[in-house]
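Enquirer:
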Ligand code: FAD
Ligand code: SF4
C-alpha cells in the first residue's frame, strides 16, 4: 500500500497506530498534493511486551483499514508494513522515511506513550545530527508535535486542576467535567437526579439464578484485510499468547459506529446494575466493549457520551446505568490520562510496598486451580478482554496480595488486552489495582477475601478451594493472602478510616489463628506457580 512517491514532500505526517482519526490535529493545514502521510507497523510494538495476538491483529488491521480510507480520499500514504518493510522498530522506520522523503517538516500528534515519544525524539535527533554534519537542515527544529485533541481535558487543564495536590480524587474532577460539558446537568446547573454519582445502585450480583436475558454483542466478520493480518500475526508472532479464531473487534470507524449503536440500543439500558458482577462463560455481559475503538481513536469520547445521554432522554433509560457509563468515560478515562502524564516517569517504576515476587507463569495460560483466575484469564486469552472488576478484583488484586513486582503485572496488562495503551493501562494497573503509587488517587488498596468473589460471581462453586477457608488444607488463596496482607500492614490499615474495619475483623483472630494464616500464606507465596 505504498502509494507515496519517494520524491521530497513538504510535510511528512506521522500517524501512529492509536491515532486513527481523520479529524485529528495532524491533518490541520495539510495539502494532499504536497504532503505525505507516514504509517509504520513497528515490530517492537508487539514484542516490547509479549503482546496478545488479538491485540497485535487489531492494531495492524485498524491501521491498514485507516490507510485504505486515506488513500481513497486522495492522500499519499507511505505505509510501511511488517510484511513489506521487515521487522523494524517505529524509530528505525521513521529514520528511513525521513532519509527517503527529506521533508521540510515532520508533523505528528503527541504520542500517548512516553516510551514511544522518547524513542521517536531520539530517532529525530539522530537524523538531525546526520543532516547537520552533512550540511543539511536541522530536523530537530522542524519536528512539530501537535496536541492530541481526542481528549476532553487537555494536559495543561488537568495539570492546573491537580495543582500541587499530592492526593487526587476522580470524583471532583468528574464533577468539573460534567459542568464543563453540560452532561447530565439540569437547567439550574445541578446534576440530574439530584446526585452526581449512582455507584451504589450499580454493584449488584446476579444472585443464584445467574444472568438473565443477556443481550448479544455484534459480530464483525474478519474481511480480507483482517484475514491477511491474522495470517501475518500467526506466522510472525506464533509463540505469543492468545488465539485468533474468535477475532471480533471493530477495525474501522464504520464498525466502531456499529458497535456504539448496538451498545446504546441493547446493552446500555442494563449496563449499571450488574456492572461489577461476574459469571462463568459470561464474557461481555452489558459492557460496551468500546474501549479499543476509543483508544484507537476510531470513536470520539464526546460522541459516545452524547449518544448515551440522548438515549437516556429519548428512551427514559435508568439514570444509574447511563450516569455509571458516562462517568467511566468523562471521568475515569480522562482522569487516568491526566494522571499518567503528571506522574511519569515515576509511575512506571513505582513500588510502594516493595513487592518482588515473580508473576506466576499461569497468568499467560490460565492453568491455575483457582477457578476465578482461570475464568478471567481464559476470557482474556480468548478475547483480549475481561471487564473492569475482573481486572481490578481478580488479576489485579491477586497481584497485590501475592506481592508480585508491579512492573511484571503492568507488562502483563499491557500485553493481553485489546484496549491496552500505556497512558490508560499504567495508572489503572500500578495506581488503581496495585496501589504501587502509595494511593495517589485511591484512598485504600483494592483488596478483599474470597467472600467478595463468592458474592459477586459463581466461580467459587466450581473451585477446589473453599472461599471461607483462610488457613490449612483447602484454604482459598484469595482469602489466605488477603488476611496475611492485612496482618503484614496492620498498622497502616488501622490508621486509615476506610480500612480500619478490616483490621478490627483481623483482630478477632487469636494468635494461633493468625499464625496458621501466616504459615498457609507463606507456603502459598513460595509456591505461587502451583496454586
Ligand atoms: P465499559 O465497562 O463499557 O466502560 C465504558 C468505557 O469507559 C470503556 O470503554 C473505557 O473507555 C472507559 N473506562 C471504564 N473504566 C475505565 C478506567 N478505569 N480507566 C479508563 N477508562 C475507563 N482500560 C483501557 O482502555 N485500557 C487499558 O489498558 C486498561 N487497563 C486496565 C487495567 C486494570 C488493572 C484495570 C483495573 C482497568 C483497566 N482499564 C483499561 C479500565 C477498564 O477496565 C476498561 O476500560 C474496560 O474494562 C473496557 O471495557 P468496556 O469498553 O466494555 O468498558
Ligand atoms: Fe477464587 Fe477462592 Fe473462590 Fe476459588 S474459592 S474461585 S480461588 S475466590
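Numbering (our numbering), first residue to last: 99 to 629. All C-beta atoms in this analysis are idealised placements derived from N, C-alpha and C, irrespective of residue type, glycine included. As the structure is a computational prediction, the values presented were derived from the model and not from experiment.
Let's see if you can read the secondary structure: which residues bound the alpha helix (DSSP H) around residue 585?
Expert: 575-586
Enquirer: For residue 289, which of helix, strand or coil comes out of DSSP?
Expert: strand
Enquirer: Which residues have a Cβ closer than 5 Å to any heavy atom of ligand 2, listed in chain order?
Expert: 468, 469, 470, 548, 551, 557, 558, 561, 563, 565, 574 and 576
Enquirer: Have a look at residue 157 and residue 395 and give me their C-alpha separation to the nearest angstrom.
Expert: 11 Å
Enquirer: Starting from residue 178, follow its DSSP beta bridges and name the residues at the other end.
Expert: According to DSSP, which records beta bridges pairwise, residue 178 is partnered with 138.
Enquirer: Return the CA-CA distance between residue 161 and residue 140, expressed in angstroms with no decimal places.
Expert: As the crow flies, the alpha-carbon of residue 161 is around 12 Å from that of residue 140.
Enquirer: Cβ-heavy atom distance between residue 431 and ligand 1 below 7 Å?
Expert: Answer for residue 431: yes, Cβ within range of ligand 1.
Enquirer: Ligand 1 heavy atoms versus the CB of residue 436: any closer than 7 Å?
Expert: Not a single heavy atom of ligand 1 lies less than 7 Å from the C-beta of residue 436.
Enquirer: Can you name, in chain order, every residue of its own chain whose Cβ lies under 6 Å from the Cβ of residue 493, other than the five neighbours on each side?
Expert: 474
Enquirer: If you follow the beta strand (DSSP E) that residue 109 is in, where does it begin and where does it stop?
Expert: Per DSSP, residue 109 belongs to the beta strand (DSSP E) from 109-112.
Enquirer: Answer with buried or exposed for residue 114, where buried requires no fewer than 16 other C-beta atoms within 10 angstroms of its C-beta.
Expert: buried
Enquirer: From residue 94 to residue 534, what does the alpha carbon distance come to, in whole angstroms?
Expert: Nothing about residue 94 can be read from this structure; the chain reaches only from 99 to 629.
Enquirer: Give the range of the beta strand (DSSP E) segment to which residue 204 is assigned.
Expert: Where residue 204 is concerned, the enclosing beta strand (DSSP E) stretches over 203-207.
Enquirer: Just list the alpha helix (DSSP H) runs in the stretch 314-367, keeping only unbroken ones of 4 residues or longer that don't cross its boundaries, in chain order.
Expert: 322-334 and 351-360
Enquirer: Can you tell me whether DSSP reads residue 562 as helix, strand or coil?
Expert: Residue 562 falls in the coil class under three-state DSSP.
Enquirer: Report, in whole angstroms, the separation of the C-beta atoms of residue 248 and residue 122, which I expect to be a contact under 8 Å.
Expert: 7 Å
Enquirer: Is the separation between the beta-carbon of residue 429 and that of residue 300 shorter than 8 Å?
Expert: no
Enquirer: State yes or no: is the C-beta of residue 516 within less than 8 Å of the C-beta of residue 153?
Expert: yes
Enquirer: Whole beta strand (DSSP E) runs in the stretch 443-470 with 3 or more residues, listed along the chain?
Expert: none
Enquirer: Which residue spans inside the stretch 473-551 form an unbroken beta strand (DSSP E) run of at least 3?
Expert: Taken in chain order, no unbroken stretch of beta strand (DSSP E) lies wholly in the stretch 473-551 with a span of 3 residues or more.
Enquirer: Quick check on DSSP: helix, strand or coil for residue 610?
Expert: helix
Enquirer: Under the DSSP definition of a beta bridge, which residues are partnered with residue 377?
Expert: Answer is none; residue 377 lacks a bridge partner.
Enquirer: Could you say which of 452, 627 and 340 lies nearest to residue 465 if we only look at CA atoms?
Expert: 627
Enquirer: Tell me the DSSP bridge mates of residue 384?
Expert: Note: residue 384 sits in no beta bridge, so no partner.
Enquirer: Does the stretch 477-489 touch the stretch 533-550, meaning 3 or more C-beta pairs lie closer than 8 Å?
Expert: no
Enquirer: Can you have a look at residue 380 and say buried or exposed, based on whether 16 or more other CB atoms are within 10 angstroms of its CB?
Expert: buried
Enquirer: Suppose you measure from the CA of residue 630 to the CA of residue 567; what does that come to, to the nearest Å?
Expert: A question about residue 630 goes unanswered here, because the residues of the chain that appear run from 99 up to 629.
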